Structures are given as structure tokens and as C-alpha cells.
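Using numbering that gives the first Met the number 0, the first residue of the sequence shown is number 0, and each one after it goes up by one. First comes the structure, then the notes that go with it.
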Amino acid sequence: MIGDFKKVKEEEKKNIEEKTKKRGRRQNNVREEYVLNREQTKFFVDLSKDKTSLELVFKLLLDANKKNYGAEITFKELSIYALERLTPKDIEKIQEGSMTQMEKVERALNDYNQKNGVTLSLGDFLVKKLNIT
């Protein structure tokens with residue numbers, strides 16, 4: 000039974016490796032599906048280049064630990080508390096912030112094409128939106 004489990008794990012790893020090992024140029028319009036590694040147990044946050052976020056973390060930790068009783072509150076406890084309170088709207092804002100300007104234009108084009116039942120190219124869409132004649 001344990002041997003069967005190991006075989007299944009090995010097959011899953013091979014399938015993942017086959018999907019990731021592709022040669023040649025990557026196409027621009029094709030987005031690879033995100034694969035979550037459920038074996039990952041440690042997460043690191045590097046704030047060395049983001050001084051404002053680092054100061055915010057320090058301020059929150061200082062404020063959280065201004066107390067007379069109880070154990071020290073750590074960054075882990077603060078982050079888990081905050082993650083539990085993320086709403087779908089918050090996730091949408093984060094997703095929006097991760098998009099480039101061109102991806103936002105492409106999304107607007109796809110929405111327009113879908114809404115109006117047309118298949119405009121990017122150039123035609125921009126001409127129409129910018130009222131260029």
C-alpha cells in the first residue's frame with residue numbers, strides 16, 4: 000500500500016516536470032496555469048527593498064506588543080490574523096494591481112467584444128475608444 004502511494008507521488012512529479020520542461024519561445028497570449036505546491040510549508044517575505052512596508056510591519060508589531068500580560072505577538076500571528084479577514088473584494092483589488100497596463104487594455108478589449116458580440120482587433124478597439132478617424 001505504501002509502495003502504491005510512492006508510485007502515485009512519483010507519477011505526479013513526472014507529470015509536473017513534463018509540463019514545465021518545454022523548449023522554444025514562449026507565446027505571448029498563452030498564460031500557464033498556476034500550480035499550487037501543497038508540500039510547501041514555509042513562506043518568506045523579503046521587505047528589504049520596500050521600506051514603507053517594513054516600517055508598517057515594525058509599527059504594527061510595536062503596537063501589538065504594548066501590553067502588560069501575555070506572550071509576544073509575532074509577525075506570523077499578525078499575518079495569519081490579516082489573511083483570515085481577506086474578502087473576495089480585497090483579492091480582486093490585489094489581482095487588479097498585479098496586471099500590467101497592456102493586460103488591462105486586453106481585458107477591456109475582451110469585455111467589449113463579449114458585450115457587443117464583435118471581434119475587434121486591438122488596433123480597431125483603440126481607434127473606436129479614442130475616437131480617432
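Note that the Cβ used here is the ideal one computed from N, Cα and C, for glycine as well. Treat the numbers as computed from the prediction; the structure is a model and nothing was measured.
Out of curiosity, what's the CA-to-CA distance linking residue i and residue j?
i: Ala107; j: Lys88; result: 19 Å
i: Lys66; j: Ile72; result: 10 Å
i: Ser120; j: Ile131; result: 15 Å
i: Ser97; j: Arg37; result: 23 Å
i: Lys39; j: Gln100; result: The sequence given here has Gln at residue 39, not Lys. Roughly 32 Å between the two C-alpha positions.
i: Gly122; j: Asn115; result: 17 Å
i: Glu91; j: Lys103; result: 13 Å
i: Leu129; j: Glu105; result: 15 Å
i: Ala70; j: Val56; result: 18 Å
i: Arg30; j: Lys41; result: 26 Å
i: Asp45; j: Val117; result: 45 Å
Return helix, strand or coil for residue i, following the three-state DSSP convention.
i: Ala70; result: coil
i: Asn109; result: helix
i: Phe42; result: coil
i: Asn36; result: coil
i: Ser52; result: helix
i: Glu31; result: coil
i: Ser47; result: coil
i: Ser120; result: coil
i: Asn115; result: helix
i: Met98; result: coil
i: Leu129; result: coil
i: Leu77; result: helix
Enumerate in chain order the residues of its own chain whose CB-to-CB distance from residue i is below 7 Å, with the five nearest sequence positions on each side excluded.
i: Phe124; result: Leu108, Tyr111
i: Ile93; result: none
To which residues of the same chain is residue i closer than 8 Å at the C-beta, ignoring the five residues directly before and after it?
i: Ser47; result: Leu53
i: Lys127; result: Leu119
i: Tyr68; result: none
Report back the beta-carbon spacing between residue i and residue j to the nearest angstrom; my notes put them in contact at under 8 Å.
i: Ala63; j: Leu82; result: Actually they do not touch by this definition, with Cβ atoms about 16 Å apart.
i: Leu60; j: Phe43; result: Their Cβ separation, rounded to whole angstroms, is 17 Å, which puts Leu60 and Phe43 out of contact at 8 Å.
Answer yes or no: the CB of residue i versus the heavy atoms of the ligand MN, is any distance below 6 Å?
i: Glu91; result: Within the structure as shown, the ligand MN is missing, as the structure has no ligands at all.
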